[in-house]
Amino acid sequence: MPCEVAARFLIFYGSQRGQAQSIAEEICQQSAEHGFTADVSCLSNQHKYNLDSEIRPVVFVVSTTGDGDPPDTAQKFVRKIKNKSLPHDHFSHLRYALLALGDTNYANFCNGGKTIDNRLQQLGAKHFYATGHADDGTGLEVVVDPWIEGLWDALKKTFSSMATSDQLGADLSDRTQENYHKNASDKEKNKSDLEVDLHLLKLSEVDSQKGRAITSDSSDAETLSTALVASLKQSVPPLSECALNVPALPASYLEVLLEQVSTEGETVPSDKEGFHEVSISKAVQLTLDNAVKTAILLELDISVQNIAYQPGDAFDTLCPNRASEVEELLLRLDLQTQKNCAVQVNLLKNNSKKAAKVPLHIPQNGSLQFILTWCLEIRSAPKKAFVRALADFTQNGSEKRRLLELCSKEGSADYNSFIRDANVCLLDLLRAFPSCLPPLSLLFEHLPKLQPRAYSAASSSLQHPGKVHFVFNVVEFPVRPEHPARTGLCTGWLADHVSSILRPLGTVPALERLGTSALPKVHVRPRPSSTFHLPADQSVPVVMVGPGTGVAPFIGFLQQREKEREANQEATFGETWLFFGCRHKDKDFLFREELARFAHNGTLSHLIVCFSRDEPDAVGTVNRPTYVQHNLRLHAKNVASILLKDKGCLYVCGDAKNMAKDVNDTLLEIIGNELQIDKLDAMKTVAGLREEKRYLQDIWS
Ligand code: FAD
1 MPCEVAARFL IFYGSQRGQA QSIAEEICQQ SAEHGFTADV SCLSNQHKYN
51 LDSEIRPVVF VVSTTGDGDP PDTAQKFVRK IKNKSLPHDH FSHLRYALLA
101 LGDTNYANFC NGGKTIDNRL QQLGAKHFYA TGHADDGTGL EVVVDPWIEG
151 LWDALKKTFS SMATSDQLGA DLSDRTQENY HKNASDKEKN KSDLEVDLHL
201 LKLSEVDSQK GRAITSDSSD AETLSTALVA SLKQSVPPLS ECALNVPALP
251 ASYLEVLLEQ VSTEGETVPS DKEGFHEVSI SKAVQLTLDN AVKTAILLEL
301 DISVQNIAYQ PGDAFDTLCP NRASEVEELL LRLDLQTQKN CAVQVNLLKN
351 NSKKAAKVPL HIPQNGSLQF ILTWCLEIRS APKKAFVRAL ADFTQNGSEK
401 RRLLELCSKE GSADYNSFIR DANVCLLDLL RAFPSCLPPL SLLFEHLPKL
451 QPRAYSAASS SLQHPGKVHF VFNVVEFPVR PEHPARTGLC TGWLADHVSS
501 ILRPLGTVPA LERLGTSALP KVHVRPRPSS TFHLPADQSV PVVMVGPGTG
551 VAPFIGFLQQ REKEREANQE ATFGETWLFF GCRHKDKDFL FREELARFAH
601 NGTLSHLIVC FSRDEPDAVG TVNRPTYVQH NLRLHAKNVA SILLKDKGCL
651 YVCGDAKNMA KDVNDTLLEI IGNELQIDKL DAMKTVAGLR EEKRYLQDIW
701 S
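Residue numbers for the sequence shown follow full-length UniProt numbering, so the first one is 1 and each next one is one higher.
Written out as structure tokens, the structure reads:
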């Protein structure tokens, strides 16, 4: 086989929020350095290549969305390969590697990728390299970086084996799988080798373009050696003294032109993506001022747009970046006077980025201020590739060295602590590294799309026709050495946005109500859930677990049930259990009166609450349950009976990081005890409940 043909491979990505796409593009970009040529394509463009007869190696990068689903762009491909009429050897010619992206905070980790992987295997396709499962919960790069590193060797072996034989040896996949695992474990070993060899390293600055060694100059070394504690701005030995392996400089590919025409007055995003501008007709603070968190209920008037929804659905909500942060960014980039200029974005002629495209989320001729406000996620933690690129626009030697450390292999732990875990954003970096002055094009190349935030409907349109309610906590991030105190982007903005109409719980709106035109507005788009709804059969019993704002969809469920019961008094309704929890009975017991009404009129058969921070005396019980899972355990017999005997449903909503995991562990325990089975079998039973859509989660972090 001619070398040129042999070294060409395909990359397909299935991306929901752009991460899989940017990893696929990164692989494509790196392929040239390793002597390969790659074609990269979205799985939705699969018609461009015929996998049914594709003999080149194929790399898939697939993310996961919703309840473990493949991304929307991969759905058609999945449907196609799931076709039951395909023979079991349909893909026996196909050699592939797959990188699955997921988040262990959610159920069905990496399931989007696993679905495709399993089906390709069933249809006879062979791995030429072990599947990688990258976890956004701990940092995708922990798996992605070594996986990509190992990919090149695996490809080389695949191509050389293709050159000698049409058939890949079965042992190839084993060897390359070993290779990947070895790569990951070698990381640790290399680190210690590096530390031992530190004293041998010469401190000199060398070219970084192709990921070669970088070390600091002697004056910087002096400064660094006096530092005792590492921070975002400075490192300590051994990192401050070692040679660095930095990623290759990402190819620049955009040209940004600013044209002096006034675009003033352009303040809202377009409705291209199905968003509707609606009025916020009510805003109520549900918590007392001295509660740890502030929860706010919003009522949106969706009657004019006639938007339909079911309890269990959510709404995507657009929010802008903070005006003060946009202003500071403009000032810092010396672009303040050009904020109203129209922006033209083009591909750089002769750019070397594979499959370069002008990002779709940056509108042509939008003003600079508009783009920074509504289109780019300026709060996101800069990825290593961005940090690498920023280093090239940094004048000061020690600042540049620190940025290179932060994106280097050796500085991985520092990147995690001082950028990723500290949620440092571009502006924080620009504050910490004053000599860094990137061009606008670099921001447009690296800042991701500003994503809408989702909020679950906390109402039923049977009870509130033409309206939808949301409830959210104002997210607060305390001050850190790396950044000032701030609120969550959307929740902080919403809280400010409704301040003119916000009233405490239990107070009536002022008489002189604002006319509709003066009410605050917000852009929303329904985000229907395919599964998180009350069972169609009203006699099926349900258990709902929703502490804090996790109670939101259940308020919608219960409002719907209340109305259905009123309308159909003869019908049989299954038992309804709600496990709710908050910190203090008197400060943050959300929907207290409404829940009491549901319990009183029988809509809710059992309302089980707990308060995690009340003194035992305040509720009169010593050893009281603190969290929802403790109450679940106390009612284990009922929960088990509903799920195992009565074919009931369990719904869990709210915090993905702790609560959902604790509830899941408790469920395993309850089922294990009830059926007298071990943990593995309990896990299988719980997996069965998920499969039957009788254990449903709507969780977020
Ligand atoms: P962001 O600014 O986006 O910050 C959110 C996260 O980023 C934090 O949790 C944290 O992990 C990280 N972060 C950002 N900056 C920092 C920092 N400086 N320090 C530390 N960490 C940081 N939420 C509700 O309150 N109610 C709901 O009903 C609801 N329903 C949802 C339904 C669905 C289907 C989904 C997917 C999510 C839902 N959410 C809900 C979550 C909601 O969409 C938002 O994620 C949440 O409100 C925070 O948004 P934000 O823009 O204020 O915070």
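Glycine included, each C-beta is placed from N, C-alpha and C at the ideal position. As the structure is a computational prediction, the values presented were derived from the model and not from experiment.
On the three-state DSSP scale, how would you describe residue i?
| i | result |
| --- | --- |
| E277 | strand |
| Q629 | helix |
| D313 | strand |
| D136 | coil |
| Q344 | strand |
| G654 | strand |
| R453 | strand |
| G688 | helix |
| H93 | coil |
| Y13 | strand |
| H127 | strand |
| G466 | coil |
| D52 | helix |
| K679 | helix |
| E25 | helix |
| S398 | helix |
| C649 | strand |
| R613 | coil |
| S68 | It should be pointed out that residue 68 corresponds to Gly in this sequence rather than to Ser. Of the three classes helix, strand and coil, the one that applies to G68 here is coil, per DSSP. |
| H606 | strand |
| V322 | It should be noted that the sequence gives Arg, not Val, for residue 322. If DSSP states are grouped into helix, strand and coil, R322 belongs with coil. |
| H497 | helix |
| A518 | helix |
| L390 | helix |
| T287 | coil |
Given a threshold of 16 other Cβ atoms within 10 Å of its Cβ, counted over all protein chains shown, does residue i qualify as buried or as exposed?
| i | result |
| --- | --- |
| A507 | Residue 507 is actually Thr in this sequence, not Ala. Exposed: under 16 other Cβ atoms inside 10 Å. |
| N321 | buried |
| S530 | exposed |
| G574 | buried |
| H47 | exposed |
| I671 | buried |
| I55 | exposed |
| V424 | buried |
| N346 | exposed |
| P250 | buried |
| H88 | exposed |
| S461 | buried |
| T73 | buried |
| D334 | exposed |
| R212 | Low confidence applies to R212: its pLDDT is 36, below 50, so where it sits in the model is not reliable, and the reading given next is rough at best. Exposed, by the Cβ-count rule. |
| T572 | exposed |
| E33 | exposed |
| R379 | buried |
| T294 | buried |
Less than 8 Å between the CB atoms is what I'm expecting for residue i and residue j, so what's the real figure, rounded?
| i | j | result |
| --- | --- | --- |
| G556 | A458 | 6 Å |
| L430 | R332 | 5 Å |
| F12 | F60 | 5 Å |
| K339 | Q364 | Actually they do not touch by this definition, with Cβ atoms about 17 Å apart. |
| I501 | I677 | Not quite, the Cβ-Cβ distance comes to about 54 Å (not below 8 Å), so this is no contact. |
| D588 | T287 | 4 Å |
| V498 | P520 | 5 Å |
| F128 | R95 | 4 Å |
| S252 | L442 | 7 Å |
| Q559 | Q463 | 4 Å |
| T666 | L632 | 5 Å |
> So, do the region 541 to 561 and the region 647 to 660 have three or more beta carbon pairs nearer to each other than 8 Å?
Replying inline: yes
> Are three or more beta carbon pairs between the region 127 to 138 and the region 89 to 104 nearer than 8 Å?
Replying inline: yes
> Any chance the region 58 to 76 sits against the region 102 to 119, with 3 or more Cβ pairs inside 8 Å?
Replying inline: yes
> Do the region 409 to 422 and the region 378 to 388 make contact, defined as three or more Cβ pairs closer than 8 Å?
Replying inline: yes
> Taking contact to mean at least 3 C-beta pairs separated by less than 8 Å, is the region 518 to 534 in contact with the region 309 to 326?
Replying inline: yes
>> Using a Cβ distance threshold of 8 Å, determine whether the region 339 to 355 contacts the region 452 to 466, with at least three qualifying pairs required.
In response: no
> Just checking, does the region 478 to 486 make contact with the region 405 to 414 on the three C-beta pairs under 8 Å criterion?
Replying inline: no
>> Contact between the region 144 to 158 and the region 20 to 38 is defined here as three or more beta-carbon pairs at a separation below 8 Å; is this criterion met?
In response: yes
> Are the region 673 to 691 and the region 604 to 613 in contact at 8 Å, needing three or more beta carbon pairs?
Replying inline: no
> Would you call the region 462 to 474 and the region 396 to 411 in contact, with 3 or more CB pairs under 8 Å?
Replying inline: no
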